[in-house]
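Residue numbers (my numbering), protein chains in the order written: chain A, 1 to 531; chain B, 1001 to 1125. Note that CB positions come from ideal geometry on N, CA and C, so glycine has one too. All figures in this text were calculated on a predicted structure; none of them were measured in a lab. This report concerns only the one structure given below.
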């Protein structure tokens, strides 16, 4: 197809951008470049453990500011793009930020900032030396790069950056359970990115380009039905990354293995990149595949919605149970994708933001519970309400938020999703979303009742006060309880004042539904108008 | 030629998937290595095979004067090889460490993170 015609397109004027990119447009590079440069410097300074944390914090603060400026710019002036190496798109690799990607990138940087504070409450000297902070920064660079890239192969590279950083974080303590979890996480995730690479190869063969905006322009001309097979392959790869049922087995096998802070980052960020890639491929790149795959997406969303909270109920390990709740959230986002109307994407975007914040906070709180109780086995916990009532209030707030009870943050996205389902008369989806809320609140409150509410451990002594609970050490109070508490307070306030979230979600949905803006931004608006 | 290579890619995938379905981690590693090569070959094939000259643009020209071989798949494959190799090396070391620590190279006996006969959830609430 277009492959052999590449030389012809190179005719005069040359495929180079004349003049340098405006300094203001460099804004899109910083959310990725800052953490990456910071990680490199921290690796070089590995003999200076005392520099690691302050420097990482400073870099993350700068990254958050850069993300915020990028988001405001995108909100004000529409999608922002920059193409590398002065080549015109589609020859150069483009970075492109629209409202959806800038929003996700902003929330990711915020979460990483909170987690880097929490890390100070539990990091060991050894782990600090082995590069805990650089790996966290590199993970953020991979996640932000994945959100902000405008090139399919570049997205693959960011997935791998994310993957290798997460491998490092997963095994950094070297405990047996970490090695076991990492083997399963490693093999299955590597396989998922390999499927993604296969799909990229076929896309190139069919469409002749890998620039996302260029694909969006050229896909309607592809007549071969093979494009549906490619779309299905993308769906397989990203659903595996997002841990949707039945491809979710790696998540509950590995997310409870590393340090709680690492679990929190994973739960907040990694699966959402998969969801983001699903939205991009099935609504922007190959929009005709959405109708084709809709039934499949609906079935997968339905099973994920129902089975995940049931899985959470069956667990005795608190962090494994939370892993299943993460998957339940993925189900809600898949439901938004399955509905696929602007309202559905509105619900998906807001739910993703909610899930990123709330699941991170839940893992942080359970990390503190483990520190007090010495175990994450809910049969051996109990009586924490008496020992630390603040922790129990934070946990129950987050449980209600993840289940979607008003007036907390999780209620609003679920409301939008239900509305989207009713608009499309998709009553099955609506009832499954509501069933998921009920089951999630049962699973969550059961965890709360076992960890906090009853006096003692499982068995005949459950009425007697649990004597094995140790109070939080000062370090865990300052660096653990405060950051987690501030995050919960932020979630609470964001739930009471949902307008900013609604505005962000609505503009993101609009951006997804108006790819013309995105494509126009990448190629320059005049060039598209000419075609 | 493309058809022959397509069959070869299919063979690579079949072998890799067979190996990946095994319980033994060493076989799974071999499967990962083979599927990586299969994908690289696939990208090479979908870039269309030609017996043309290397893609070099002469001095003073903006475009090559004659038909050239498509350079993009080669760039993609080179990147994929580097990434695949580093991740494979990591998985290899990880598997070895897991074998040392857990005394298991079989996924059936690696049950630290997900214990066998996991206990029933508490029934008090």
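For the set A:80, A:368, A:416, the Cα lying nearest the Cα of residue 341 (chain A) is the one of A:416. Taking a contact as a CB-CB distance under 8 Å, the pair residue 305 (chain A) and residue 328 (chain A) counts as one, their CB atoms being some 7 Å apart.
Within chain A, the residues 180, 183 have their CB atoms less than 7 Å from the CB of residue 1110 (chain B), given in chain order. Residue state for residue 425 (chain A) is assigned as coil, using DSSP reduced to three classes.
Straight-line measurement puts the Cα of residue 80 (chain A) at about 8 Å from the Cα of residue 70 (chain A). Within chain A, 160, 163, 164, 167, 186, 190, 193 have C-beta atoms less than 9 Å from the C-beta of residue 1087 (chain B), given in sequence order.
Looking only at A:515, A:326, A:268, A:524, the smallest Cα-Cα distance to residue 443 (chain A) is reached by A:326. Taking a contact as a CB-CB distance under 8 Å, the pair residue 518 (chain A) and residue 284 (chain A) counts as one, their CB atoms being some 7 Å apart. For the set A:141, A:290, A:426, A:312, the Cα lying nearest the Cα of residue 447 (chain A) is the one of A:312. Neighbourhood of residue 1021 (chain B) in chain A, by CB distance below 8 Å: empty, with the nearest CB roughly 11 Å away.
Interface with chain A (9 Å Cβ-Cβ cutoff): residue 1091 (chain B) is included. In terms of Cα proximity to residue 1034 (chain B), the closest of B:1009, B:1047, B:1075, B:1072 is B:1009. The beta carbon of residue 1031 (chain B) sits closer than 6 Å to those of 1016, 1019, 1020, all from its chain and outside the five residues before and after it, given in chain order.
A:135 is the residue among A:343, A:154, A:135 whose C-alpha sits nearest the C-alpha of residue 171 (chain A). Selection B:1055, B:1059, B:1046 evaluated against residue 207 (chain A) yields B:1046 as nearest (Cα-Cα). Interface with chain A (9 Å Cβ-Cβ cutoff): residue 1113 (chain B) is included. Relative to the Cα of residue 111 (chain A), the nearest Cα in the group A:358, A:418, A:524 belongs to A:358. If the five residues before and after residue 32 (chain A) are omitted, its C-beta is found closer than 8 Å to the C-beta atoms of 95, 141, 144, 145, 148, all from its own chain and listed in chain order.
Neighbourhood of residue 1051 (chain B) in chain A, by CB distance below 9 Å: empty, with the nearest CB roughly 13 Å away. Taking every protein chain shown into account, the CB of residue 493 (chain A) has fewer than 16 other CB atoms within 10 angstroms, so this residue is exposed. The region 294-333 of chain A contains no complete alpha helix (DSSP H) run of 4 or more residues. A check of alpha carbon separations from residue 77 (chain A) across A:59, A:97, A:85 identifies A:97 as the nearest.
Separation of residue 403 (chain A) and residue 498 (chain A) (C-alpha to C-alpha, rounded to the nearest whole angstrom) is 17 Å. For residue 1112 (chain B), the closest alpha carbon among the candidates A:423, A:179, A:505 is that of A:179. The alpha carbon of residue 26 (chain A) has as its nearest neighbour, out of A:139, A:155, A:83, the alpha carbon of A:83. Checking the DSSP bridge columns, you'll see residue 83 (chain A) partnered with A:94.
With 16 or more neighbouring CB atoms inside 10 Å of its own CB, residue 336 (chain A) falls in the buried class. For the region 399-455 of chain A, the full-length alpha helix (DSSP H) segments reaching 4 residues or more read 411-423, 427-448 along the chain. Using beta-carbon distances, residue 1015 (chain B) does not count as an interface residue toward chain A, since no partner is under 9 Å.
Only residues of its own chain outside the window of five on either side were considered, and among them 143, 162, 166, 241 have a CB closer than 8 Å to the CB of residue 270 (chain A), listed in chain order. Residue contact check for residue 223 (chain A) against chain B: no CB pair falls below 9 Å. According to DSSP, residue 377 (chain A) shares a beta bridge with A:317. Of the candidates A:29, A:281, A:174, A:502, the residue whose Cα lies closest to the Cα of residue 210 (chain A) is A:281.
Of the residues assessed, residue 503 (chain A) falls on the exposed side of the cut-off, its CB having fewer than 16 other CB atoms within 10 angstroms. Residues of chain A whose Cβ lies closer than 8 Å to the Cβ of residue 1010 (chain B) do not exist; the shortest such Cβ separation is about 12 Å.
Contact annotation for residue 204 (chain A) against chain B: 1043, 1046, 1047, 1072, 1073, 1076 [CB-CB distance below 9 Å, chain order].
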